[in-house]
Amino acid sequence: MKIAIGCDHGGLEHKNAIVEHFKERGFEVSDFGIYEQISVDYPDIAVKVTSAITSGECELGILVCGTGIGMSIAANKVNGIRAAACSEHFSAKYTRLHNNSNVLCLGGRVIGVGTAIELADLFVDTAFEGGRHQRRIDKITEIEKCKEI
Ligand code: RB5
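Residues 1 to 149 in this note's numbering are what the sequence shown lists, from first letter to last.
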């Protein structure tokens, strides 16, 4: 599995820990930064990670900012992206099972590094359930078609 990952200055430590962990697990990781503790605008990173997914280069993505919320708002503006800001295990699992989310957003100022790694693992290890949930995803895709760009 190839995973895209990125963060702003609120999530550097968490992002780096997840990158290292995923590499140890044998995943291919595309790390879109940041790579040092500089201040950046989270939408710029969200665009890089989501583009890697919509282009087909990566299957799933992880975005880390201070809360996970800014990244999720930005990522969800992109057609084909279903981003979920999660801070506990149940949501990280069920957003894959039921929402077929393709981006997990985490808050570096909300959860610790250990929890972030656990949630990232749960997210990438859980498959979409399909069935009745596919109908709901299709309705979300219909909403995207109403967008002007
Ligand atoms: C940056 O200070 C902070 O606003 C950002 O990381 C994030 O929490 C936004 O939602």
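Where a beta carbon is used, it is the ideal one built from N, C-alpha and C, also for glycine. Since we're looking at a predicted model, the values are computed, not measured.
* Asked: Who sits around ligand 1, taking every residue whose Cβ is closer than 6 angstroms to one of its heavy atoms?
  -> D8, G10, Y42, C65, G66, T67, I69, G70
* To do: Tell me, please, which residues DSSP counts as bridged to A17.
  => According to DSSP, which records beta bridges pairwise, A17 is partnered with nothing at all.
* Residue(s) in a DSSP beta bridge with A84 -> L104
* Ignore the nearest five residues each way along the sequence and tell me which others in A85's own chain have a CB closer than 8 angstroms to its CB. => T67, G68, I69, M71, S72, C105, L106, G107
* For the putative contact between S30 and A46, defined by C-beta atoms under 8 angstroms, what is the C-beta separation to the nearest angstrom? -> No, S30 and A46 are not in contact; Cβ-Cβ is about 14 angstroms, not under 8 angstroms.
* Asked: According to the Cβ coordinates, are I5 and V19 closer than 7 angstroms?
  -> yes
* Asked: If we ignore side chains and look at the alpha-carbon of each, how far apart do M1 and C146 end up?
  -> 32 angstroms
* When you compare only the Cα positions, how much space is there between N99 and V78? -> 16 angstroms
* To do: Under 8 angstroms Cβ to Cβ from A116, same chain only, skipping five residues before and after it: list those, please.
  => H14, A17, I18, V64, L106, G108
* Buried or exposed: where does S55 fall if 16 or more other Cβ atoms within 10 Å of its Cβ makes it buried? -> exposed
* **L97 beta carbon less than 7 angstroms from that of E59** => no
* Taking A75 and A83 to be in contact with their CB atoms under 8 angstroms, please state how far apart those CB atoms are, rounded to whole angstroms. => 4 angstroms
* Sequence-distant residues of its chain with Cβ nearer than 6 angstroms to H133 (five each side left out) -> H98
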